[in-house]
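Colleague: Let me begin by handing over the structure; questions about it come next.
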DNA sequence: ACGCGAGATTGATCTGGGTCAAGGAGCGCC
DNA sequence: GGCGCTCCTTGACCCAGATCAATCTCGCGT
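Protein chains in written order, with my numbering: chain A, 1 to 248; chain B, 1 to 248.
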């Protein structure tokens with residue numbers, strides 16, 4: 001996965017995406033070196049919880065490979081996913097000691113971490129890092145608000161289509177895109193995880209996926225391997241007029 | 001309203017809350033003076049649209065008095081409110097030309113604005129402003145994610161209770177709180193606007209409010225004036241275990 | 001005081017998606 | 001290669017909330 005190449009994201013140069021996209025897009029060499037010093041890697045297995053909501057969290061970082069989710073849980077067990085972390089996404093909140101959500105690896109995962117205190121110190125002295133972080137946070141806020149529309153006003157079928165569109169778009173931007181408007185990817189989530197993201201039950205997710213398949217909007221090989229023959233058709237199903245800014 | 005006093009927020013010192021809370025909590029006098037120079041006020045009437053989604057937006061700012069909403073609309077007319085702006089809340093996204101949402105004043109409203117370009121320039125030279133803005137954006141992100149749980153997983157009754165809790169909490173932090181766990185405020189939203197916030201219909205909102213009234217969770221004088229006799233009871237109805245971080 | 005109109009309430013009915021329940025399909029493991 | 005496990009699909013039924021349709025209320029202007 002690290003070897004993948006896309007001209008717009010410099011994910012493949014060097015060994016860590018954070019160096020290029022997540023926090024340091026415009027940093028000079030000194031600043032990069034400082035970051036190197038407080039950087040370390042952690043690996044997690046599929047299903048492993050990276051942080052529990054309420055736990056002390058002494059690092060921030062970004063996903064190198066694999067997929068993680070942010071979820072909230074009510075005491076009666078209802079859960080809602082509030083974020084989907086794909087490679088290059090940032091985790092953690094500078095200036096807060098406790099994690100506000102459960103962070104769970106849904107696939108095997110490698111994270112590039114920075115100890116929080118030195119990272120915060122660096123932010124104080126390196127406006128560009130703070131700036132970049134602000135930009136990223138604003139993007140996440142937009143994505144969260146886009147998702148509020150999905151959760152509040154879309155039908156089950158539209159919700160599924162919206163999720164597939166998000167994953168497809170993000171995935172395609174990481175891979176060399178397949179030819180001719182066609183889009184191929186593997187679903188990184190179980191039906192249950194999709195349901196938690198969409199505010200549905202897993203049965204409804206399954207039914208709507210079957211329905212979209214029946215109608216030729218998507219093709220499925222096995223349970224996870226998806227082909228989108230016509231992405232515009234999918235967007236239409238999602239109720240998206242503009243192919244707007246849904247960014248996971 | 002400008003004259004209100006609360007020890008934790010220095011809203012009442014000076015003539016503009018942004019000076020103290022929104023962007024400049026820890027700025028020195030020089031920095032404050034710079035902000036003063038690019039500051040101006042705008043007034044809006046109830047119902048007036050401040051910015052249309054997709055319009056050029058050449059300012060950022062914060063609400064001084066009144067209430068505004070951020071909404072998204074699908075082409076078939078379904079709308080979802082994605083943010084509620086109460087006094088001292090920040091509007092606008094540095095580094096983006098176009099507004100992503102409709103911003104509508106739901107009451108008469110005064111905004112303290114800064115022309116965007118000079119504000120952005122100031123951010124580059126004044127780390128504390130960028131820092132403060134990052135903090136605020138992270139708070140908004142948390143609020144948006146909290147709201148995703150409300151939209152995705154809560155029942156209509158819980159949604160109403162959650163909204164009342166948010167408004168009550170915010171309102172109480174601006175006013176001197178009424179005695180003995182009791183909480184009194186005026187609903188700043190119509191039933192329809194509440195429905196748009198909660199992903200419900202206005203009929204359901206009305207029914208649930210009646211039901212909460214019948215059960216003694218809230219008291220209503222007229223259509224808008226609300227008394228919460230027991231805030232903990234309301235939180236229980238909202239399904240909130242911890243009285244956690246819902247911040248509008 | 002009166003009448004008008006926007007907003008709110010309440011009722012009757014319908015339906016999308018939840019719930020409960022019964023298999024099926026793939027896959028790793030002995 | 002069959003056993004068991006986890007994940008997924010499909011069916012039957014139900015219910016919370018949407019929809020459609022009357023009123024009702026109250027603030028406001030004359």
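Every residue gets a Cβ at the ideal spot worked out from N, C-alpha and C, and that includes glycine.
Remember, predicted model here, so these are calculated numbers, not experimental data.
Determine whether the beta carbon atoms of residue 226 of chain A and residue 186 of chain A lie at a separation below 9 Å.
Modeller: Counted from its first residue, the first chain places residue 226 of chain A at position 226. Counted from its first residue, the first chain places residue 186 of chain A at position 186. Yes, the Cβ-Cβ distance between residue 226 of chain A and residue 186 of chain A is below 9 Å.
Colleague: Counting only Cβ pairs nearer than 9 Å, list the residues of chain B close to residue 161 of chain A.
Modeller: As a working mapping, residue 161 of chain A is identified with position 161 in the first chain. Simply none; closest approach about 13 Å.
Colleague: Is it buried or exposed, residue 154 of chain A, if we count other Cβ atoms within 10 angstroms and call 16 or more buried?
Modeller: Reading the first chain from its first residue, position 154 is the one you call residue 154 of chain A. Its Cβ being crowded by 16 or more others within 10 Å, residue 154 of chain A is buried.
Colleague: Is the segment 116-126 of chain B touching the segment 43-55 of chain A in the sense that three or more CB pairs, one from each, lie closer than 8 Å?
Modeller: Result no; under three Cβ-Cβ pairs closer than 8 Å.
Colleague: Between the Cα of residue 104 of chain B and the Cα atoms of B:63, B:76, B:95, which residue gives the shortest distance?
Modeller: Working through the second chain from its first residue, we reach residue 104 of chain B at position 104. Looking at the Cα atoms, B:63 is the closest of the given residues.
Colleague: Along the alpha helix (DSSP H) that carries residue 198 of chain A, what are the first and last residues, could you check?
Modeller: In the first chain, counting from the first residue as 1, residue 198 of chain A sits at position 198. Its alpha helix (DSSP H) spans residues 191-198.
Colleague: Considering only C-alpha positions, which residue in the set A:86, A:35, A:107 is nearest to residue 48 of chain A?
Modeller: Counting from 1 along the first chain, the entry for residue 48 of chain A is found at position 48. Nearest option by C-alpha distance: A:107.
Colleague: Which one of B:67, B:115, B:89 has the shortest CA to CA distance from residue 40 of chain B?
Modeller: Within the second chain, numbered from 1, the residue matching residue 40 of chain B stands at position 40. Answer by Cα proximity: B:115.
Colleague: Given residue 73 of chain B, which residues of its chain have a CB within under 6 Å of its CB, disregarding the five upstream and five downstream residues?
Modeller: Looking up residue 73 of chain B in the second chain gives position 73. The answer, listed in chain order, is 79.
Colleague: Is any non-hydrogen atom of the ligand NAD found closer than 8 Å to the C-beta of residue 199 of chain B, if you look at the structure I gave you?
Modeller: No copy of the ligand NAD appears in this structure; indeed no ligand is present at all.
Colleague: Provide the residue span of the alpha helix (DSSP H) that contains residue 221 of chain B, from first to last.
Modeller: In the second chain, the residue the question calls residue 221 of chain B occupies position 221. Unbroken run through residue 221 of chain B is the beta strand (DSSP E), 219-221; no alpha helix (DSSP H).
Colleague: Mind checking which residues open and close the beta strand (DSSP E) that includes residue 183 of chain B?
Modeller: In the second chain, counting from the first residue as 1, residue 183 of chain B sits at position 183. Where residue 183 of chain B is concerned, the enclosing beta strand (DSSP E) stretches over 183-186.
Colleague: Specify the secondary structure class of residue 86 of chain A as computed by DSSP and reduced to three states.
Modeller: For the purposes of this step, residue 86 of chain A is identified with residue 86 of the first chain, where counting begins at 1. Here residue 86 of chain A sits in coil by DSSP.
Colleague: Given this structure, state the Cα-to-Cα distance separating residue 77 of chain B from residue 170 of chain B, to the nearest angstrom.
Modeller: Your numbering for residue 77 of chain B matches position 77 in the second chain. Your numbering for residue 170 of chain B matches position 170 in the second chain. Their Cα atoms are separated by approximately 30 Å.
Colleague: Can you tell me the Cα-Cα spacing of residue 182 of chain B and residue 215 of chain A, whole angstroms?
Modeller: The count along the second chain starts at 1 and reaches residue 182 of chain B at position 182. The count along the first chain starts at 1 and reaches residue 215 of chain A at position 215. Distance between the alpha carbons of residue 182 of chain B and residue 215 of chain A: 55 Å.
Colleague: Just to confirm, are residue 65 of chain B and residue 84 of chain B a CB contact at a threshold of 9 Å?
Modeller: The count along the second chain starts at 1 and reaches residue 65 of chain B at position 65. The count along the second chain starts at 1 and reaches residue 84 of chain B at position 84. It is not a contact, given that the beta carbons lie outside the stated cut-off.
Colleague: Given this structure, state the Cα-to-Cα distance separating residue 235 of chain A from residue 164 of chain A, to the nearest angstrom.
Modeller: Within the first chain, residue 235 of chain A is the residue found at index 235, counting from 1. Within the first chain, residue 164 of chain A is the residue found at index 164, counting from 1. Each residue's Cα considered, the two are about 9 Å apart.
Colleague: So, does the CB of residue 87 of chain A fall closer than 9 Å to a CB anywhere in chain B?
Modeller: The residue you call residue 87 of chain A lines up with position 87 of the first chain. It does not: the Cβ of residue 87 of chain A has no partner Cβ on chain B nearer than 9 Å.
Colleague: Which residue marks the beginning of the alpha helix (DSSP H) containing residue 49 of chain A, and which one marks its end?
Modeller: To locate residue 49 of chain A, count along the first chain from 1; it is residue 49. No alpha helix (DSSP H) holds residue 49 of chain A; the beta strand (DSSP E) holding it covers 49-51.
Colleague: Anything in the segment 179-199 of chain A with a Cβ closer than 7 Å to a Cβ of chain B? List those residues in chain order, please.
Modeller: Going along the segment 179-199 of chain A in chain order, one finds 199 with a Cβ nearer than 7 Å to chain B.
Colleague: So, at 7 Å on beta carbons, what are the nonlocal neighbours of residue 156 of chain B in its own chain, with the 5 sequence-adjacent residues on each side left out?
Modeller: What you label residue 156 of chain B is simply residue 156 of the second chain in a count that begins at 1. Only 200, 204, 208 meet the Cβ criterion.
Colleague: Any idea if residue 33 of chain B is buried or exposed, counting beta-carbon neighbours within 10 angstroms, 16 or more meaning buried?
Modeller: Reading the second chain from its first residue, position 33 is the one you call residue 33 of chain B. Under this definition residue 33 of chain B is an exposed residue.
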